[in-house]
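Reading through the structure tokens given below for one structure.
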Ligand code: GLU
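Residue numbers (my numbering): 1 to 504.
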């Protein structure tokens with residue numbers, strides 16, 4: 001049997017971490033088994049589906065590198081695969097045919113209950129401390145009764161008969177699952193009275209028609225699966241195998257929510273997470289390789305991934321681990337590749353600084369970023385951190401506040417003396433050779449000669465020339481900035497300290 005599995009997102013929100021993980025696991029499983037990975041858009045919730053969300057989802061999957069073998073037409077590219085269309089709103093005739101069959105066999109029936117009637121049932125059940133379920137008012141109407149209700153102008157919904165008994169299946173991750181159909185809430189609405197089919201129905205019709213062999217999806221769907229199995233059986237279709245992935249949890253072990261964690265993939269893209277790290281992170285969010293290794297490329301994952309190694313307990317979303325993996329992957333990038341990925345982040349940072357009043361010296365090209373890569377590659381938790389590290393090279397700003405200029409263990413006076421002496425040293429040394437290796441020794445000697453801790457002196461210089469307490473290695477920083485601009489910035493910092501200390 002050739003594996004056919006799918007990701008079936010609803011474009012009712014941006015691509016969520018959970019959906020991205022489900023997509024990844026389906027992709028890995030399909031690739032590992034030399035099967036087919038299908039994308040289907042479940043857009044029947046017309047009121048909440050938008051083109052912008054659809055674009056966000058497709059872009060996110062693309063960014064992660066998850067290419068589908070079959071899927072809808074996108075941006076002028078035609079649909080791929082023998083089961084087109086892959087958008088549910090374009091498949092309405094198929095659902096209609098399937099409903100007609102179920103109605104003809106009387107495993108589904110029209111239900112004329114009004115909203116008020118159903119609400120009254122619900123309230124009565126609540127008062128009696130019973131779980132809500134459909135009371136079956138329309139389950140056995142005669143043709144004549146139906147005609148009478150239609151004559152009143154009532155438009156029926158369609159309900160599927162939930163048979164008594166149990167539904168049993170063998171989940172690849174959770175093992176044996178057995179559910180009493182009594183717990184399913186009674187006969188299930190599969191088509192609304194306005195004619196639109198509902199999720200439980202469309203998902204089954206499509207999985208059957210697209211010959212899906214494995215349904216790999218989040219544990220939140222576990223309670224839907226018995227309903228789906230009953231529908232597969234009623235349609236005379238093969239029931240696929242199921243694998244329910246563990247819930248993704250906030251660090252406090254509550255279900256992952258937008259309120260407590262960032263859940264949209266686009267937010268991580270915007271901060272400068274690289275797709276290699278996100279794929280690696282998502283893969284480990286529920287799957288374990290069985291070794292101590294932690295770094296896996298998409299290709300390595302395809303080779304190693306196995307659904308039976310997915311655990312059933314909740315997977316805690318650990319942002320620190322994601323940042324660590326991101327740093328690891330950034331280190332592994334080829335310098336040219338990294339420079340290219342950094343360029344838009346640096347451009348955004350500089351544009352923001354310029355908008356805040358800084359003078360833009362120039363917009364760096366990717367070629368200009370390339371020599372900076374060795375200075376920053378080990379220091380970037382995210383690509384978006386590039387601006388704070390090297391932005392000072394490309395904008396000129398007034399010297400930082402004295403409060404920032406003065407190192408913790410120093411006062412304004414020592415700082416002034418330190419910067420004046422450092423300026424003289426850098427000026428003198430720079431006339432001979434302005435190289436990182438050559439600057440270090442005389443500045444260390446200067447600190448030693450004055451009984452200063454080198455760290456304090458270097459911090460004062462760093463803040464004076466970069467405006468920030470964190471920078472790439474100091475001497476490389478001074479060289480990258482150039483001798484003239486280094487001296488200018490030291491002069492500006494010295495002048496601002498002198499203003500604060502008029503007697504100095
Ligand atoms: N459209 C459903 C969702 O977004 C798909 C669920 C499934 O995979 O069956 O959750």
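Yeah, the Cβ is synthetic: ideal placement off N, Cα and C, and Gly gets one too.
The alpha-carbon of residue 469 is positioned some 5 Å away from that of residue 463. In the structure shown, the three-state DSSP call for residue 16 is strand.
For residue 42, the Cβ falls inside the 6 Å cut-off from some heavy atom of the ligand GLU.
Residue 221 and residue 20 have their C-alpha atoms some 16 Å from each other. The C-beta distance from residue 228 to residue 174 rounds to 15 Å, too long to fall under 8 Å, and the pair is not in contact.
In this structure, 249 is the residue among 249, 329, 332, 342 with its C-alpha nearest to the C-alpha of residue 312. Look at residue 319 here: in three-state DSSP terms it is helix. Using a 10 angstroms sphere on the CB of residue 206, the tally of other CB atoms reaches 16 or more, which defines it as buried. Counting C-beta pairs with one atom in each stretch, the region 135–151 and the region 188–202 have fewer than three that are closer than 8 Å, which means they do not touch. With a minimum length of 4 residues, the unbroken runs of alpha helix (DSSP H) contained wholly in the region 175–250 fall at 199–209, 225–234. The region 229–244 makes contact with the region 164–172: 3 or more CB pairs, one atom from each, lie closer than 8 Å. One Cα belongs to residue 285, the other to residue 316, and the distance between them is close to 7 Å.
Here the C-alpha atom of residue 442 lies approximately 23 Å from the C-alpha atom of residue 497.
Between residue 329 and residue 274, the C-beta gap is smaller than 7 Å, which places the two residues in contact. Collapsing the DSSP output to three states places residue 133 in coil.
When Cβ pairs closer than 8 Å are counted between the two stretches, the region 103–117 is seen not to touch the region 70–83, the count staying below three. Within the region 86–171, the complete beta strand (DSSP E) runs of at least 3 residues fall at 108–111, 157–160, 166–171. When DSSP states are grouped into helix, strand and coil, residue 295 belongs to the coil group. If you draw a straight line from the Cα of residue 177 to the Cα of residue 299, it comes to about 33 Å. Listed in chain order, the non-local C-beta contacts of residue 82 below 7 Å within the same chain number zero, local neighbours out to five positions each way being set aside. Of the heavy atoms belonging to the ligand GLU, at least one sits nearer than 6 Å to the Cβ of residue 9.
For residue 392, there is no enclosing beta strand (DSSP E), since its DSSP letter is neither H nor E. The C-beta separation of residue 343 from residue 366 comes to about 5 Å, placing the pair in contact by the 8 Å criterion. In the structure shown, residue 173 adopts coil according to DSSP, grouped into three states.
Closest in alpha carbon position to residue 219, among 22, 484, 302, is 22. CA-to-CA, the gap between residue 68 and residue 56 works out to about 16 Å.
Here the distance from the Cβ of residue 274 to the nearest heavy atom of the ligand GLU is not below 6 Å.
With a cut-off of 6 Å, the C-beta of residue 203 is classified as near the ligand GLU, since at least one heavy atom of the ligand falls inside that distance.
The region 7–18 makes contact with the region 44–62; the number of CB pairs closer than 8 Å reaches 3 or more.
Judged by their CB atoms, residue 307 and residue 281 are not nearer to each other than the 7 Å cut-off. Distance check between residue 212 and each of 39, 355, 354 places 39 closest, using alpha-carbon atoms only. The beta carbon of residue 53 sits closer than 8 Å to the beta carbons of 11, 12, 13, 14 from its chain, once the five residues preceding and following it are set aside; these are given in chain order. Counting only runs of 4 or more residues that sit fully inside the region 361–392, the alpha helix (DSSP H) segments are 366–369, 373–376, 386–390, in chain order. The C-alpha of residue 439 is placed about 9 Å away from the C-alpha of residue 425. Just so you know, the alpha carbons of residue 448 and residue 484 end up roughly 26 Å apart. DSSP, read as helix, strand or coil, puts residue 68 in coil.
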